[in-house]
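Input: a single structure, listed below in structure tokens.
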Amino acid sequence: MWPNTPDILPPYLQDDGRAAFMIRVALAATLSPVYGIYSGYELCENEALPGREEYLDSEKYQFKQRDWEAPGNIKDWITRLNRIRKTNRALRLKDNLRFYPADNNAIIFYGKMTPARDNIILVAVNLDPHNKQHSYVDVPIDQFGSMDGDVYQVHDLLSDARYIWRGRRNYVELDPEIQPVHIFRVRRWIEGDRFA
Numbered sequence: 043m044w045p046n047t048p049d050i051l052p053p054y055l056q057d058d059g060r061a062a063f064m065i066r067v068a069l070a071a072t073l074s075p076v077y078g079i080y081s082g083y084e085l086c087e088n089e090a091l092p093g094r095e096e097y098l099d100s101e102k103y104q105f106k107q108r109d110w111e112a113p114g115n116i117k118d119w120i121t122r123l124n125r126i127r128k129t130n131r132a133l134r135l136k137d138n139l140r141f142y143p144a145d146n147n148a149i150i151f152y153g154k155m156t157p158a159r160d161n162i163i164l165v166a167v168n169l170d171p172h173n174k175q176h177s178y179v180d181v182p183i184d185q186f187g188s189m190d191g192d193v194y195q196v197h198d199l200l201s202d203a204r205y206i207w208r209g210r211r212n213y214v215e216l217d218p219e220i221q222p223v224h225i226f227r228v229r230r231w232i233e234g235d236r237f238a
């Protein structure tokens, strides 16, 4: 899955800023077991040919020098995303993607888990790159296997925040200026667990 290509720079990336780049790469990296990005994506390059969905300075016919430390880049964020993929087997499987209800159409909620349920990932993505969005999401706790009770911990692997969730319906809030995506690893909560 590709959030962009050498031939296509969609209006969403042309017009909607850094958060749009984060949203599209997070979708590609978590929906599919394999993904790629076109060079310059990390820098949020979004200059298009006037009136077209094509890069102004495409590398189809030239080599380009880039400043990989340019302000506004998301290369460290993509590195973290790749580390999350590497350490969570559920994200690398191809037949385990499931979508779950969210009360807000601007938020997509889905998950991937291993057959043994030893790696359970839930992903919430704010599709609106301009506005904070919130929603109740329906968590498939009946699919978590041997996890006892209705209390469990979700660890946001992007921000390192940890939350205790109860039951099926839980609340998410995503601000594209801060973090437009949650990638939660679900685990059993043991009373007395402390969060960093």
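Here the sequence shown is numbered in the numbering used here, starting from 43 and rising by one per residue.
Don't be surprised by glycine CBs; every beta carbon is placed ideally from N, CA and C.
Because the structure is a prediction, the values reported are computed rather than measured.
Margin query: Could you compute how far the alpha carbon of Tyr103 sits from the alpha carbon of Asp49?
Written below: 11 Å
Margin query: If I follow the unbroken alpha helix (DSSP H) through Trp207, where does it start and stop?
Written below: The continuous stretches of alpha helix (DSSP H) do not include Trp207, which lies in the beta strand (DSSP E) extending over residues Arg204 to Arg208.
Check: In three-state DSSP terms, what is Ala238?
Finding: Residue confidence is low: Ala238 scores 44 on pLDDT, short of 50, so the model does not pin down where it sits. No coordinate-derived value is stated.
Margin query: Going by DSSP, what residue range makes up the beta strand (DSSP E) through Gly153?
Written below: Ile149 to Met155
Check: If we call anything under 8 Å between Cβ atoms a contact, is Ala203 one with Arg127?
Finding: Their beta carbons are not under 8 Å apart, which means Ala203 does not touch Arg127 by this criterion.
Checklist line | For Phe141: DSSP bridge partner residues | finding: Tyr152
Note to self: For Trp231, count the other beta carbons within 10 Å of its own beta carbon; 16 or more makes it buried, fewer makes it exposed. Which is it?
What the structure shows: Here Trp231 is buried. Its C-beta has 16 or more other C-beta atoms within 10 Å.
Next item on the list: Quick one: residues in its chain with C-beta nearer than 7 Å to the C-beta of Gln221, no 5 flanking neighbours on either side, listed in chain order?
Entry: Leu200 and Ser201
Note to self: According to DSSP, is Leu123 part of a helix, a strand, or is it coil?
What the structure shows: helix
Item checked: Endpoints, the alpha helix (DSSP H) within which Phe269 is located -> A query on residue 269 cannot be resolved here, the shown segment of the chain reaching from 43 to 238 and no further.
Margin query: Quick check on this structure: which residue in Gly209, Ala166, Arg108 and Ile149 has the alpha carbon closest to the alpha carbon of Gln185?
Written below: Gly209
Next item on the list: Report yes or no: do three or more beta-carbon pairs, one from the segment 151-162 and one from the segment 132-140, lie closer than 8 Å?
Entry: yes
Notebook entry, point to check: Touching or not, the segment 112-121 and the segment 81-97, by the rule of three or more beta carbon pairs under 8 Å?
Noted result: yes
Margin query: Would Tyr80 and Asn46 qualify as a contact pair, given that the criterion is a beta-carbon distance under 8 Å?
Written below: Between Tyr80 and Asn46, the CB-CB gap stays under 8 Å.
Item checked: Counterpart residues of His224 in DSSP-defined beta bridges -> Ala166
Note to self: I need the straight-line Cα distance from Leu73 to Gly59, nearest angstrom please.
What the structure shows: Leu73 and Gly59 have their C-alpha atoms some 22 Å from each other.
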